[in-house]
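Notes follow once the structure below has been shown.
2 protein chains.
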Amino acid sequence: MARTQGSHSDITGPRIREAALGLFARHGYAAVSMRQIAGEVGVQAGALYNYTPDKQSLLFRLMQDHMQDLLTTYGDLDGFDDPQEALRQFVGFHIRFHLQRPDEVFIAYMELRNLTPENFTEIEALRRRYEDSLEAVLCNGQNTGQFSVSDTKIATLAVIAMLNGVITWYRSGGRLSLDEVEQVYWDMVRKAVTA
Amino acid sequence: MARTQGSHSDITGPRIREAALGLFARHGYAAVSMRQIAGEVGVQAGALYNYTPDKQSLLFRLMQDHMQDLLTTYGDLDGFDDPQEALRQFVGFHIRFHLQRPDEVFIAYMELRNLTPENFTEIEALRRRYEDSLEAVLCNGQNTGQFSVSDTKIATLAVIAMLNGVITWYRSGGRLSLDEVEQVYWDMVRKAVTA
DNA sequence: CTTCTATCTGAACGCCTGTTCATATACGGT
DNA sequence: ACCGTATATGAACAGGCGTTCAGATAGAAG
Chain A
1 MARTQGSHSD ITGPRIREAA LGLFARHGYA AVSMRQIAGE VGVQAGALYN
51 YTPDKQSLLF RLMQDHMQDL LTTYGDLDGF DDPQEALRQF VGFHIRFHLQ
101 RPDEVFIAYM ELRNLTPENF TEIEALRRRY EDSLEAVLCN GQNTGQFSVS
151 DTKIATLAVI AMLNGVITWY RSGGRLSLDE VEQVYWDMVR KAVTA
Chain B
1 MARTQGSHSD ITGPRIREAA LGLFARHGYA AVSMRQIAGE VGVQAGALYN
51 YTPDKQSLLF RLMQDHMQDL LTTYGDLDGF DDPQEALRQF VGFHIRFHLQ
101 RPDEVFIAYM ELRNLTPENF TEIEALRRRY EDSLEAVLCN GQNTGQFSVS
151 DTKIATLAVI AMLNGVITWY RSGGRLSLDE VEQVYWDMVR KAVTA
């Protein structure tokens, strides 16, 4: 048998990416086989190769799409003049964006070591651009005197690391609402970078 | 041939753990084979089974040893009465301890998903004990009025997440000395939890 | 010098891996 | 009604996996 009823490229393609996303996030890239991914889609392993040249590209494209999504979405709301307001926007954006895509986020920094060197370089560049946009905000605030950190680069990484922590424990419907979580983190970030 | 000159249990055992540690950290548990570990030690794969019942136990014991080392080492310096001083000690201890053991730290929270459920539960309990010891410090400071956080549990996780970030970028001999890094992070933590 | 045991080898087990490809089919266009 | 193509199958490939085990050897003990 081949080509079951009503199946098409536009359907199978996304379903493969979704299956790969979930499985990579849950078990890790190296621990997931092409046959497992195919099984989740309801297809034989060979069929996957109509949609990806190989397993590595499947991972890379998931990470690339995620990072580009992150950059363009943040780019849309970037541009607040007041550094404090810009930082507040960043904190809110980062928390909400990441909580909406737990699997992508998880993969994007757990599977870096499973990328080929060229793919790694490319993803790393995208991540760097995102970090730089936060550092720019901190530098602005430093110049206006609203912020006071001893090292903007470290402060950038510290803020992002702190915010990333939220995805390891937040569960919607838990003790705190999303708004409350955002408020709590904003309080800490604001105090940490203020004189 | 068997039993090459001068080789003994007390030598091979640790060497296996060291090799596994390095390889797991660099490539990930699932991507490393028993034959690779054996190769690094200079031994055949079968010989590993004189020292571990299976691959899973090798991972588990690395993580368990690390977490117990973390808890006992911190336990030795815990017990400062003043919350601010206790927090300062915690920040310094955490940064230094983790920077001294980058591989162990990396494994201890990258490979959690490759543990069997029972092993996971056990490691998770150890991690929880460590977090609780920090939360206790924050609660003390909250009670004396020295600290002011809206949620001690979240603040605990946020502080640890922020400090953990340091191991992803710090390289000894880099732009900042260990003392400077410690100072920068302590500044941010102190401000973040203070009213 | 012999015996015993801890230690290691090397081959084998059954199973799984990513990937390729000839083959078969269902659908869209004519 | 037929054809061409997009899509999927299922078998095959070479190689790797974790693990087991009978047999070999080196060093300690007597």
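Residue numbers (the UniProt record's numbering), protein chains in the order written: chain A, 1 to 195; chain B, 1 to 195.
Here a beta-carbon is modelled for each residue, glycine too, at the ideal position from N, C-alpha and C.
In this text the structure is predicted, and so the values were computed from the model without any measurement.
Looking at the strands, I want to know which residues DSSP matches up with residue i.
i: B/Phe147; result: B/Thr194
If I follow the unbroken alpha helix (DSSP H) through residue i, where does it start and stop?
i: A/Tyr170; result: First-last for A/Tyr170: undefined, no H or E at that position.
i: B/Gly75; result: 55 to 77
i: B/Thr156; result: 152 to 164
i: B/Glu175; result: As written in the sequence, residue 175 of chain B is Arg, which differs from the Glu given in the question. Per DSSP, B/Arg175 belongs to no alpha helix (DSSP H) and is neither H nor E.
i: A/Asp103; result: 102 to 110
i: B/Val41; result: 34 to 41
Rounded to the nearest angstrom, how far is the Cβ of residue i from that of residue j, given a contact under 8 Å?
i: A/Phe80; j: A/Leu115; result: A/Phe80 to A/Leu115, Cβ: 34 Å. No contact.
i: A/Leu62; j: A/Ala30; result: Not really, about 15 Å apart at Cβ, beyond 8 Å.
i: residue 205 of chain B; j: B/Thr12; result: The question about residue 205 of chain B has no answer, for chain B in this structure spans 1 to 195.
i: B/Ile123; j: B/Gln64; result: 7 Å
i: A/Val149; j: A/Pro83; result: About 12 Å separates the two Cβ atoms, so there is no contact after all.
i: B/Thr156; j: B/Glu135; result: 4 Å
i: A/Val184; j: A/Leu87; result: That pair is no contact at about 15 Å.
i: A/Ala47; j: B/Lys191; result: Not quite, the Cβ-Cβ distance comes to about 55 Å (not below 8 Å), so this is no contact.
i: A/Leu112; j: A/Phe120; result: 6 Å
i: A/Tyr51; j: A/Ile16; result: 5 Å
i: A/Gln89; j: A/Leu77; result: 6 Å
i: B/Gly22; j: B/Asp103; result: 6 Å
i: B/Gly28; j: A/Gly28; result: 7 Å
Taking 7 Å as the cut-off, is the beta-carbon of residue i closer than that to any non-hydrogen atom of the ligand MN?
i: B/Asp69; result: This structure lacks the ligand MN; in fact it carries no ligand of any kind.
Would the region 32 to 39 of chain A and the region 90 to 103 of chain A be scored as touching if the rule is three or more Cβ pairs under 8 Å?
no
For the region 160 to 175 of chain B and the region 162 to 179 of chain A, state whether three or more C-beta atom pairs, one from each stretch, are separated by less than 8 Å.
yes
Would you call the region 100 to 117 of chain B in contact with the region 128 to 140 of chain B, where contact means no fewer than 3 C-beta pairs closer than 8 Å?
no
Near-chain A residues of the region 164 to 184 of chain B (beta-carbon distance less than 9 Å), N- to C-terminal order:
The region 164 to 184 of chain B vs chain A, Cβ under 9 Å: Asn164, Gly165, Val166, Thr168, Trp169, Arg175, Leu176, Glu180, Val181, Gln183, Val184.
Against chain B, which members of the region 98 to 126 of chain A pass a CB distance test of less than 8 Å?
Met110, Arg113, Asn114
Could you please tell me which residues of the region 151 to 163 of chain B, in chain order, have their CB closer than 9 Å to any CB of chain A?
Here the close residues are Asp151, Lys153, Ile154, Ala155, Leu157, Ala158, Val159, Ile160, Ala161, Met162, Leu163.
Scan the region 27 to 42 of chain A for residues whose Cβ lies nearer than 7 Å to a Cβ of chain B and list them as they occur along the chain.
His27, Gly28, Ala30, Ala31
Could you name the residues of the region 53 to 72 of chain A whose beta carbon sits closer than 9 Å to any beta carbon of chain B, in the order they occur along the chain?
none
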